[in-house]
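**Q** Quick note, the sequences are listed as chains A and B, same order. Quick note on numbering: the first sequence equals residues 48 to 441 in our numbering. Quick note on numbering: the second sequence equals residues -9 to 153 in our numbering. Just so it is clear, CB atoms sit at the ideal spot from N, CA and C, and this is done for glycine as well.
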Amino acid sequence: MLKDEKRVESITLSGRESGRLANPDIRDEFGLETLDMNMGPQHPAMHGLLRLILELDGETVVRCDPVMGYLHRCQEKIAENRMYPAVIPLTDRLDYFANMHNEHGYVLAVEDLLDVEIPPRAEYIRVLMCELMRLASHIPSLGFLMLELGAFTPILYCFRERERIQTIFEAVTGARMMFHYIRIGGVKADLPPDIPQKIWDYIEGLEQRFQSDFVDLIQGNEIFISRTRGVGTMSQEKALEMGLTGPPLRCTGVDFDIRRDYPYSIYPELEFDVITDQAGDVEASYRVRIAEALQSIRLIKQCLEKMPEGEVMGDLGRRLRPAEGDGFGRVESPRGEFSVHVVSDGSDTPYRVHYRDPSFCNMQLLQEVIPGHYLPDIMPIMGLIDPVSGGWDK
Amino acid sequence: MAVTLPEGDLQTRLESYLDGFKNRHGLEESVVEGNVVRVAVEPGFVPAVLATAREALGIMHLAFITVVDRMGSFEVHYELLDLRGGIVRVKTTIQGEEPVIDTVTNIYPTANWHEREAYDMFGVAFKGHPDLRRTYMWQDHFDHHPLLKSFEISTRRTFEGLR
Chain A
48 MLKDEKRVES
58 ITLSGRESGR
68 LANPDIRDEF
78 GLETLDMNMG
88 PQHPAMHGLL
98 RLILELDGET
108 VVRCDPVMGY
118 LHRCQEKIAE
128 NRMYPAVIPL
138 TDRLDYFANM
148 HNEHGYVLAV
158 EDLLDVEIPP
168 RAEYIRVLMC
178 ELMRLASHIP
188 SLGFLMLELG
198 AFTPILYCFR
208 ERERIQTIFE
218 AVTGARMMFH
228 YIRIGGVKAD
238 LPPDIPQKIW
248 DYIEGLEQRF
258 QSDFVDLIQG
268 NEIFISRTRG
278 VGTMSQEKAL
288 EMGLTGPPLR
298 CTGVDFDIRR
308 DYPYSIYPEL
318 EFDVITDQAG
328 DVEASYRVRI
338 AEALQSIRLI
348 KQCLEKMPEG
358 EVMGDLGRRL
368 RPAEGDGFGR
378 VESPRGEFSV
388 HVVSDGSDTP
398 YRVHYRDPSF
408 CNMQLLQEVI
418 PGHYLPDIMP
428 IMGLIDPVSG
438 GWDK
Chain B
-9 MAVTLPEGDL
1 QTRLESYLDG
11 FKNRHGLEES
21 VVEGNVVRVA
31 VEPGFVPAVL
41 ATAREALGIM
51 HLAFITVVDR
61 MGSFEVHYEL
71 LDLRGGIVRV
81 KTTIQGEEPV
91 IDTVTNIYPT
101 ANWHEREAYD
111 MFGVAFKGHP
121 DLRRTYMWQD
131 HFDHHPLLKS
141 FEISTRRTFE
151 GLR
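(1) Between V94 (chain B) and P37 (chain B), is the Cβ-Cβ spacing less than 7 Å?
(2) For a cutoff of 7 Å on Cβ pairs, would you count V390 (chain A) as touching chain B?
(3) Please confirm if C121 (chain A) has its CB atom under 7 Å from at least one CB of chain B.
(4) Taking all protein chains shown into account, decide if A286 (chain A) is buried (16 or more other Cβ within 10 angstroms of its Cβ) or exposed.
(5) Report yes or no: is there a C-beta of chain B within less than 7 Å of the C-beta of S386 (chain A)?
(6) So, does the CB of L137 (chain A) fall closer than 7 Å to a CB anywhere in chain B?
(7) Name the residue from A:I432, A:G430, A:Y421, A:L431 whose alpha carbon lies nearest to the alpha carbon of L101 (chain A).
(8) Just mark A69 (chain A) as buried or exposed, buried being the case when its beta carbon has 16 or more other beta carbons within 10 Å.
(9) Using a Cβ-Cβ cutoff of 9 Å, what residues of the segment 88 to 100 of chain B are near chain A? List them in chain order.
(10) How would you label P71 (chain A), buried or exposed, when you count the other beta carbons within 10 angstroms and need 16 or more for buried?
(11) Could you give the C-beta distance for E330 (chain A) and T275 (chain A), rounded to a whole number, given that I count them as a contact under 8 Å?
(12) Three Cβ pairs or more, each shorter than 8 Å: is that satisfied between the segment 310 to 319 of chain A and the segment 339 to 353 of chain A?
(13) Does chain A have any CB closer than 7 Å to the CB of T56 (chain B)?
(14) Return helix, strand or coil for D260 (chain A), following the three-state DSSP convention.
(15) So what's F35 (chain B) in DSSP terms, helix, strand or just coil?
(16) Could you tell me whether the segment 38 to 50 of chain B touches the segment 2 to 13 of chain B, where touching means 3 or more Cβ pairs closer than 8 Å?
(17) The segment 262 to 276 of chain A: which residues have C-beta closer than 8 Å to a C-beta of chain B, in chain order?
(18) In angstroms, rounded to a whole number, what distance separates the CA positions of I231 (chain A) and E358 (chain A)?
(19) Report the three-state DSSP secondary structure of L296 (chain A) (helix, strand or coil).
(20) List the residues of chain A whose Cβ lies closer than 8 Å to the Cβ of T82 (chain B), in chain order.
(21) Secondary structure at A30 (chain B), three-state DSSP: helix, strand or coil?
(22) Near T83 (chain B), which residues of its chain fall below 6 Å by C-beta distance, leaving aside the five closest residues on each side in sequence?
(23) Helix, strand or coil for A145 (chain A) per DSSP?
(24) Is the Cβ of F303 (chain A) closer than 7 Å to any Cβ of chain B?
(25) Which one of B:L122, B:Q129, B:Y109, B:I97 has the shortest CA to CA distance from E88 (chain B)?
(26) On the CB-based measure, 16 or more other CB atoms within 10 Å of its CB, does R110 (chain A) come out buried or exposed?
(27) Who are the near neighbours of E5 (chain B) in its chain, counting only those whose CB is closer than 6 Å to its CB and skipping five residues on each side?
(28) CB-CB under 7 Å to G29 (chain A), same chain, minus the five flanking residues each way: which ones, in chain order?
(29) If we count the other Cβ atoms within 10 Å of its Cβ and call it buried at 16 or more, is K117 (chain B) buried or exposed?
(30) How long is the line joining the alpha carbons of T125 (chain B) and G95 (chain A), rounded to whole angstroms?
(31) Distance check for R79 (chain B) and V26 (chain B), CA to CA, integer angstroms please.
(32) Taking only beta-carbon positions, decide if Y126 (chain B) is within less than 7 Å of chain A.
(33) Three-state secondary structure (DSSP) at H15 (chain B)?
(34) Reducing DSSP to helix, strand and coil, say where L238 (chain A) ends up.
(35) Could you spell out where the beta strand (DSSP E) holding L71 (chain B) opens and where it closes?
(36) Which residues, taken in chain order from the segment 29 to 58 of chain B, show a beta carbon closer than 7 Å to some beta carbon of chain A?
In structure tokens form, the structure reads like this:
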């Protein structure tokens, strides 16, 4: 049994004293109280295993409290007990819609400790794969948003594209989702000889289909506009205060992209625009994602054109023992800033690995933005943030 | 209303951050390395230093908070970005087995969940935090902090008092 004071402390800490009992003044004019409701973790429309404790006044939400941990695997602890290269396949399981970005972030952090030189061809292949991954994440996220609004057709188009990108990944890495492709010092293997042409053909085709399948089908739709315009609106101050990054921040108009402002890999050599929008609502985040997917297509074309010949793996020892110190890696994942902090103590396993996952940080927005909205607006707002359960639960 | 982000040359901006920290808090050990300003402070001064960063120097974004268990002491890293290429890394060391530090949620509201996570994983108590409860682990009857080095992963953990 817990000691009494500990139990009292834990009840206070779990927030049961907040909400309805703490705020009796949210009763309406008829003296009716609010209703507590659980949404998830097993909810057919929920993005993964998330539980929202909602307090409803009629159909309006007055308090929203996200509860996480249903998919927690304590990856940071597991990583402390594995050798440096053996952590890479674990990072694939973090945000499973941005596996390449997770690998890239972790590998950049370890390379920061090691100070190795990466062959230029490997850098180009990394960026090529990351941008394909961004396409394979942004396009389905539009489909999920539409699915939550009750439209089933767009997700079929979106998953057709994701399926084809996964086929490319399968040819390059041997796996469809859990790649283990980006390694410390380079990448696992060179591209198969026919793959650059296949990627080029696919990207050309996607560019032609893009307008009709993802813009014309969705953007002018009356139901889409009425469900998303003005929903989840936030100011730039609020977005920065809540630590948002990625499309949710850029849809408010803050011009920030890790690829341009904290450049890594070969991004300084490539041309692309940072997409912003002013409205800061769900519709704006949709427009930002659409335009970013087009920028990814542009980046993929540049990578294929400029890709140099040569080795794809740097010269490293078999057993990595980085010097004592801190290594940082920071990449722009489709959801925002993915940072890794690796602490080394000079042995062959990391002393501490910390992931800053964009899904986790962006979800703080739910507490701030959902109160005041109707219950059915929660799902479009989840589509604005587009969190992934493996990401926020580590 | 639009937010103004810092402008101008990166090096002069980093020097101005360094001067700001030195003038206000006398942190003589701070240095500029590449695009990073490294600041080491005593745990009691963390809110003051971060308030300087946010209010006076205009660094808007707290990226993350990392806690490192050094077995006997705890390191806490705060990573601040000015969103235009500059990084400020504030590092502090808390002595003792039961770490307590002041919260920074009133300066950077995004620290809320980062501090909750640190409390959950390491048992670091953030004084003045509005809502300090566990993020990932069970709210009740679970009395462990999994990322402590004293927590061995092969041991089976029990839920005290729960049937």
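**A** The answer reads as follows:
(1) What you label residue 94 (chain B) is simply residue 104 of the second sequence in a count that begins at 1. What you label residue 37 (chain B) is simply residue 47 of the second sequence in a count that begins at 1. Closer than 7 Å, so yes.
(2) In the first sequence, counting from the first residue as 1, residue 390 (chain A) sits at position 343. Taking 7 Å as the threshold, the shortest C-beta distance from V390 (chain A) to chain B falls below it.
(3) Translated into positions along the first sequence, residue 121 (chain A) becomes position 74. Cβ-Cβ to chain B under 7 Å: yes for C121 (chain A).
(4) Along the first sequence, read from residue 1 onward, the residue named residue 286 (chain A) stands at position 239. Classification for A286 (chain A): buried.
(5) Numbered from 1 along the first sequence, position 339 holds the residue referred to as residue 386 (chain A). With its beta carbon less than 7 Å from one in chain B, S386 (chain A) belongs to the interface.
(6) The residue labelled residue 137 (chain A) in the question sits at position 90 within the first sequence. At a cut-off of 7 Å between C-beta atoms, L137 (chain A) does not count as an interface residue with respect to chain B.
(7) Taking the first residue of the first sequence as 1, we reach residue 101 (chain A) at position 54. Minimum Cα distance to L101 (chain A) is reached at A:Y421.
(8) Start at 1 with the first residue of the first sequence, and residue 69 (chain A) comes out as number 22. Confidence at A69 (chain A) is low in this model, with a pLDDT of 43, below 50, so its placement is unreliable and no value can be given for it.
(9) Of all residues in the segment 88 to 100 of chain B, Y98, P99, T100 have a Cβ within less than 9 Å of some Cβ in chain A.
(10) Residue numbering aside, residue 71 (chain A) sits at position 24 when the first sequence is read from its first letter. Low confidence applies to P71 (chain A): its pLDDT is 47, below 50, so where it sits in the model is not reliable enough to give any reading.
(11) Locating residue 330 (chain A) in the first sequence gives position 283, counting from the first residue. Locating residue 275 (chain A) in the first sequence gives position 228, counting from the first residue. In this structure E330 (chain A) touches T275 (chain A) by the C-beta definition: roughly 4 Å separates them, less than 8 Å.
(12) Because the criterion of three Cβ pairs below 8 Å is met, the segment 310 to 319 of chain A and the segment 339 to 353 of chain A touch.
(13) For the purposes of this step, residue 56 (chain B) is taken as residue 66 along the second sequence, with counting starting at 1. Yes - at least one Cβ of chain A is within 7 Å of the one on T56 (chain B).
(14) Taking the first residue of the first sequence as position 1, residue 260 (chain A) is located at position 213. Under the three-state reduction of DSSP, D260 (chain A) is assigned to helix.
(15) Translated into the one-based positions of the second sequence, residue 35 (chain B) becomes position 45. Reduced to three states, the DSSP call for F35 (chain B) is helix.
(16) Segments in contact, yes.
(17) Legend: CB atoms of the segment 262 to 276 of chain A lying less than 8 Å from CB atoms of chain B are not found in any residue.
(18) Locating residue 231 (chain A) in the first sequence gives position 184, counting from the first residue. Locating residue 358 (chain A) in the first sequence gives position 311, counting from the first residue. Taking C-alpha positions only, I231 (chain A) is separated from E358 (chain A) by approximately 14 Å.
(19) One-based indexing of the first sequence puts residue 296 (chain A) at position 249. If DSSP states are grouped into helix, strand and coil, L296 (chain A) belongs with the helices.
(20) By 1-based counting over the second sequence, the position of residue 82 (chain B) is 92. Result: empty, since nearest Cβ-Cβ is about 14 Å, beyond 8 Å.
(21) By 1-based counting over the second sequence, the position of residue 30 (chain B) is 40. Under the three-state reduction of DSSP, A30 (chain B) is assigned to strand.
(22) For the purposes of this step, residue 83 (chain B) is taken as residue 93 along the second sequence, with counting starting at 1. In the same chain as T83 (chain B), and ignoring 5 residues on each side of it, the C-beta atoms closer than 6 Å to its own belong to S63, E65, in chain order.
(23) Counting from one through the first sequence, the residue named residue 145 (chain A) turns up at place 98. The answer is coil: DSSP assigns A145 (chain A) none of H, G, I, E or B.
(24) As a working note, residue 303 (chain A) is residue 256 in the first sequence. Yes, F303 (chain A) counts as interfacial toward chain B.
(25) Mapped onto the second sequence, residue 88 (chain B) falls at position 98. If we check each option's Cα against that of E88 (chain B), B:Y109 comes out closest.
(26) Residue mapping note: residue 110 (chain A) aligns to position 63 of the first sequence, counting from 1. Here R110 (chain A) is buried. Its C-beta has 16 or more other C-beta atoms within 10 Å.
(27) Numbered from its first residue, the second sequence carries residue 5 (chain B) at position 15. In the same chain as E5 (chain B), and ignoring 5 residues on each side of it, no C-beta atom comes closer than 6 Å to its own.
(28) Limits of chain A in this structure are 48 at one end and 441 at the other, which puts residue 29 (chain A) out of reach.
(29) Position 127 of the second sequence holds residue 117 (chain B). K117 (chain B) should be labelled exposed.
(30) In the second sequence, the residue the question calls residue 125 (chain B) occupies position 135. In the first sequence, the residue the question calls residue 95 (chain A) occupies position 48. Between T125 (chain B) and G95 (chain A), the C-alpha separation is close to 16 Å.
(31) Reading the second sequence from its first residue, position 36 is the one you call residue 26 (chain B). Reading the second sequence from its first residue, position 89 is the one you call residue 79 (chain B). Rounded to the nearest angstrom, the two C-alpha atoms are 7 Å apart.
(32) Position 136 of the second sequence, counting from 1, holds the residue named residue 126 (chain B). By this cut-off, Y126 (chain B) is an interface position.
(33) Sequence index remark: in the second sequence, residue 15 (chain B) carries index 25 (1-based). H15 (chain B): helix per DSSP, three-state reduction.
(34) Here the question's residue 238 (chain A) lines up with position 191 in the first sequence. In this structure, L238 (chain A) counts as coil in the three-state DSSP scheme.
(35) On the second sequence, position 81 is the one that residue 71 (chain B) refers to. Looking at the DSSP string, the run of the beta strand (DSSP E) that includes L71 (chain B) is 63 to 71.
(36) Within the segment 29 to 58 of chain B, the residues whose Cβ lies closer than 7 Å to some Cβ of chain A are M50, H51, L52, A53, F54, T56, V58, listed in chain order.
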